[in-house]
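Numbering (my numbering), first residue to last: 8 to 309.
Just so it is clear, CB atoms sit at the ideal spot from N, CA and C, and this is done for glycine as well.
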């Protein structure tokens with residue numbers, strides 16, 4: 008679908024900022040445009056639904072080792088329990104865009120009442136009896152009652168949505184007054200974006216359809232009846248994302264100029280050291296000035 012005006016405000020003051028960004032397989036080229044009124048960037052045109060289904064089908068088939076899965080679970084536990092300070096096991100929690108089910112597995116194992124929803128869900132923890140907790144459909148098709156959940160979560164989900172306003176309206180409907188919504192998305196207004204430009208991982212077509220700023224996100228949520236409660240940082244995740252992006256950059260540019268295999272191996276050793284040190288310092292500097300690479304925000308339903 009191609010937009011002549013912004014899908015959020017309908018104004019036509021759009022600017023093409025990154026034409027022809029390639030997908031990971033270098034098969035298609037995508038264009039990102041920026042709306043100065045909303046302070047949001049997005050793909051224009053959006054990919055076809057059939058292309059997205061095919062892409063996510065490949066994504067969810069990627070295998071993980073048990074060590075990687077357990078590392079993710081431990082990270083999820085810390086982020087959710089520590090940052091949200093969950094104390095009531097009676098909280099009704101919904102993980103929107105639950106992916107492979109790590110969050111549902113983690114919190115249900117700790118005794119929390121949690122459901123997950125994701126039309127692209129692939130069972131990963133069958134032995135934990137989670138399948139009945141996870142809804143493999145769109146959220147507007149799930150039939151959740153009004154004001155049903157006391158905590159809703161969207162970890163790296165909103166940027167994937169082709170109709171984010173419809174999603175936020177539905178989340179507002181099913182979240183109880185006083186309930187909390189936690190959202191984590193790549194932050195468009197960040198030093199990492201300035202450094203990496205079109206190679207910034209927050210773009211990542213075709214699955215990342217929209218790039219938000221913290222200001223834009225706060226405005227959109229306020230319109231749906233949510234008030235910002237707090238922001239929090241996740242420097243380990245931000246550093247990991249920056250390191251991966253820099254590694255890809257060196258793979259695609261610098262190492263192509265290496266004259267032989269030995270030179271490439273020597274550079275690889277230096278690269279890993281320098282990229283690791285630079286990423287650590289860069290992310291800590293972002294945190295000091297309050298410009299986090301990821302917008303991690305907790306909202307309260309009014």
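Among the options, nearest to residue i - alpha-carbon criterion
i, options, result
"residue 175", "165, 184 and 183", "165"
"residue 24", "201, 189, 148 and 284", "201"
"residue 162", "212, 142, 181 and 111", "111"
"residue 49", "17, 139, 20 and 13", "13"
"residue 243", "286, 187 and 229", "286"
"residue 138", "147, 181 and 128", "128"
"residue 53", "213, 218, 254 and 155", "213"
"residue 160", "181, 100 and 246", "100"
"residue 45", "309, 177, 218 and 116", "218"
"residue 304", "189, 283 and 203", "189"
"residue 182", "151, 16 and 51", "151"
"residue 15", "142, 203 and 171", "171"
"residue 26", "43, 210, 245 and 177", "210"
"residue 247", "228, 229 and 208", "208"
"residue 245", "293, 145 and 254", "293"
"residue 241", "146, 291, 116 and 145", "291"
"residue 43", "187, 220 and 229", "220"
Integer-rounded CB distance, given that residue j should sit under 8 Å from residue i
i, j, result
"residue 125", "residue 106", "6 Å"
"residue 307", "residue 226", "Incorrect: roughly 16 Å between the Cβ atoms, too far for contact."
"residue 120", "residue 153", "The pair is not a contact, with the Cβ atoms about 18 Å apart (cut-off 8 Å)."
"residue 206", "residue 169", "24 Å between Cβ atoms; not a contact."
"residue 199", "residue 249", "6 Å"
"residue 47", "residue 223", "5 Å"
"residue 22", "residue 40", "6 Å"
Residue i to residue j span [Cα, whole Å]
i, j, result
"residue 239", "residue 118", "25 Å"
"residue 76", "residue 109", "Note on residue 76: pLDDT 48, under 50, position unreliable in the model; no value is reported."
"residue 173", "residue 279", "43 Å"
"residue 231", "residue 157", "16 Å"
"residue 270", "residue 179", "Confidence at residue 270 is low in this model, with a pLDDT of 48, below 50, so its placement is unreliable and the value that follows should be read with caution. The alpha-carbon atoms of residue 270 and residue 179 are separated by roughly 56 Å."
"residue 114", "residue 197", "31 Å"
"residue 37", "residue 185", "40 Å"
"residue 102", "residue 236", "19 Å"
"residue 295", "residue 309", "31 Å"
"residue 140", "residue 167", "22 Å"
"residue 204", "residue 96", "43 Å"
"residue 155", "residue 143", "19 Å"
"residue 148", "residue 215", "23 Å"
"residue 284", "residue 254", "13 Å"
"residue 116", "residue 187", "21 Å"
"residue 229", "residue 177", "14 Å"
Contact between the segment 191-200 and the segment 295-305 (3+ Cβ pairs under 8 Å): Contact holds: three or more Cβ-Cβ distances are below 8 Å.
Unbroken stretches of the alpha helix (DSSP H), 4 residues or longer, contained in the segment 132-184: Taking 4 residues as the minimum length, the alpha helix (DSSP H) runs contained wholly in the segment 132-184 are 171-181, in order along the chain.
Minimum length 3: unbroken beta strand (DSSP E) runs contained in the segment 177-252: Unbroken beta strand (DSSP E) runs of no fewer than 3 residues, entirely contained in the segment 177-252, are found at 182-193 and 233-238, following chain order.
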